[in-house]
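Counting from 1, position 19 in the sequence shown corresponds to residue 768 in our numbering; the numbering is continuous, with no gaps. Quick reminder that beta carbons are idealized off the backbone N, C-alpha and C, glycines included. Comments concern the structure below.
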Amino acid sequence: MSVKMLYEAKDELVSLLQQLIRFNTTNPPGNETPAAEFLKEVLENEGFKCELLESSPSRGNVITRIKGTNRKPSLLLLSHLDVVAANPDEWSVDPFAGTVKDGFIWGRGALDMKSMTAVEVMIMKLLKRNGVKPKGDIIFAATADEEMGGGAGVEWLVKNHPEKIKADYVINEGGGFAIPVKNRNIYTVQTAEKAIVWIKIRAKGTPGHGSIPGAADNAVLRMAETVRLLGNHRPKIKLVPTVKRNLEELSKGAGFQQRLFGKLLANPLIADKILDMMAKKERALAESIRAMLRTTIAPTIIHGGVKENVIPSRCEAVFDCRILPGQSKETLLAEIKRVLEKVGLEKLEFEILQENTPTESPFDTPLYRTIEKTLREFDPNCRVTPFMMTGGTDSRFLREIGCVCYGFAPMKPDLPLNEFLRMAHGIDERISIENLVFSLSVLYRLVEKFMT
Ligand SMILES: [Zn+2]
């Protein structure tokens, strides 16, 4: 695509993102239908036929496609329309105004992820304008409810209309940002996600009077021991393919950190020692890597007792556990019970509150290699790494039905990485116009290269 066309696309792209931000799709309740209707109109003006599918009133998902010449592969460009809440008092601009200021577009969703929705709409429009004839179908879907688990969005679509969104490959959120390492950008491609297993544990005892503690069996003490044991427990380290390759990429080159990553790979058994050392200087980095190496168990809620002088017979706590691809809630629960044996399993009850499935896509694929090649056209010195999120996205539902999903919203590091990562779901979320155009340029080129 010529520079002139990109320049023309820029204003259209910025305006699209501004308009999307102005639809308040805070979830709950979501109310994505007006934004979905807007996109339907934008795409229909370009000659597309769109479907607006509501999982329930006001929870709209919009889908369209460019038919391929019937050869594989098919590609889904996916994004979600809902956003998390924003408190206007904390922001320096109105979070739902779509303000353009200092070269940035500000607003809730500017990064997560209305910018990518705007980019993907623009890709569809440009493909049509340029008369591109793809090999397989190119599908566009902007969906509801990602921020509350996807039940009214992608999960619902996969259950009720799989034929409308299933594709060989999916490009979605979760990666694409670059990590600057020694004058070189390492771009991330999200290929794996951990999964949540939220467990409630109930400790039981015998009630008694607070003035004679020895005559009672205090459930609070039993829970205190449970929390201490699980809070300090470090499950075995396991390097899933994505994390192994990620660490290999991060260990390339000379430097203190690179050497540490190299040592960790050579002997994962001493990973904690190495990460403890790294944490003294770079705590956030060291701890996020530690969380990629194993199941984590974090106590997050605790309740017990009702009155000052009554020793409680019940105390309950919730543990936010995150398991790796290849692990299951059954093995986790068995491990937790092993750890808690000395507390007395007969006095503990376990309940799974919520769970989902950890997923991983292979990165030895034609699309992954095309991502590497395309990025080098724009940033010749760059490298690319697969990347695992410790949280989740809608990609998990599609990986479960066999789609290869990559989180890839390409972005240059024009803000410090920590600040950038905090902004999604944070205060003063914004994207630079330069990065928005970069994202469109790379993704358009990628789609054109891969699909024709
Ligand atoms: Zn998101």
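Start-to-end residues for the beta strand (DSSP E) that takes in residue i
| i | result |
| --- | --- |
| Pro1048 | Thr1045 to Gly1053 |
| Asp1069 | Arg1063 to Ile1072 |
| Asn703 | Examination of residue 703 is not possible in this model, given that the chain is present from 750 through 1201 alone. |
Secondary structure of residue i, DSSP reduced to three states
| i | result |
| --- | --- |
| Gly809 | strand |
| Gly957 | strand |
| Phe926 | strand |
| Thr1201 | coil |
| Arg977 | helix |
| Ser1037 | helix |
| Glu1126 | helix |
| Phe1010 | helix |
| Leu757 | The question names Leu, but residue 757 is Glu in the sequence shown. Three-state DSSP puts Glu757 in a helix. |
| Lys850 | strand |
| Thr1106 | coil |
| Leu860 | coil |
| Asp843 | coil |
| Arg814 | strand |
| Glu1031 | coil |
For residue i, the first and last residue of its enclosing alpha helix (DSSP H)
| i | result |
| --- | --- |
| Met871 | Lys863 to Arg878 |
| Thr1080 | Lys1078 to Val1088 |
| Thr991 | Pro990 to Leu999 |
| Leu1024 | Ala1020 to Ala1028 |
| Ile914 | Pro911 to Ile914 |
One or two residues paired with residue i in a DSSP bridge
| i | result |
| --- | --- |
| Trp905 | Paired residues: none, contrary to the question. |
| Ser828 | Ala891 |
| Met1137 | Ala941 |
| Lys882 | In DSSP, Lys882 forms no bridge with anything. |
| Phe1099 | Ile950 |
| Tyr936 | Ala927 and Val1133 |
| Val1059 | His958 |
| Asp966 | Thr955 |
| Glu803 | Gly809 |
Cβ-Cβ distance between residue i and residue j below 8 Å
| i | j | result |
| --- | --- | --- |
| Ser828 | Glu922 | yes |
| Phe1099 | Leu979 | no |
| Gly1053 | Met1160 | no |
| Thr1134 | Glu998 | yes |
| Pro1108 | Glu942 | Residue identity differs from the one stated: residue 1108 is Thr in this sequence, not Pro. Cβ atoms of Thr1108 and Glu942: closer than 8 Å. |
| Ala1040 | Met1027 | no |
| Leu824 | Ile920 | yes |
| Gly1156 | Thr1139 | no |
| Thr940 | Phe1112 | yes |
| Phe1236 | Asn773 | Outside the displayed span of the chain (750 to 1201) sits residue 1236, for which this structure offers no information. |
| Glu1049 | Ala944 | It is worth fixing the name first, because residue 1049 is Thr in this sequence and not Glu. No. Outside cutoff. |
| Lys877 | Glu786 | no |
| Arg1148 | Arg933 | no |
| Glu1057 | Gly963 | no |
| Val969 | Pro1061 | yes |
| Arg808 | Ala927 | no |
| Ile1051 | Val976 | yes |
| Ile887 | Tyr1193 | no |
| Pro822 | Gly924 | no |
| Val989 | Phe1136 | no |
| Cys1070 | Val946 | yes |
| Asp831 | Asp760 | no |
| Cys1154 | Ser1110 | yes |
| Glu1104 | Val881 | no |
| Ser1188 | Val868 | yes |
| Trp855 | Asp1163 | no |
| Ile1038 | Leu1024 | yes |
| Leu1097 | Arg983 | no |
| Val791 | Val870 | yes |
| Lys987 | Arg1032 | no |
Residue i at chain C interface by Cβ criterion, 8 Å
| i | result |
| --- | --- |
| Asp1177 | Of the protein chains in this structure there is only one, and it is not chain C. |
Proximity test, residue i beta-carbon vs ligand 3 heavy atom, cut-off 7 Å
| i | result |
| --- | --- |
| Met1138 | The model on display carries ligand 1 but not ligand 3. |
Whole beta strand (DSSP E) elements within the segment 1139 to 1190, 3-residue minimum: With a minimum length of 3 residues, the continuous beta strand (DSSP E) runs that stay inside the segment 1139 to 1190 are 1153 to 1156 and 1179 to 1181.
Alpha helix (DSSP H) segments (min. 4 residues) lying fully within the segment 776 to 801: Qualifying alpha helix (DSSP H) stretches, in chain order: 782 to 793.
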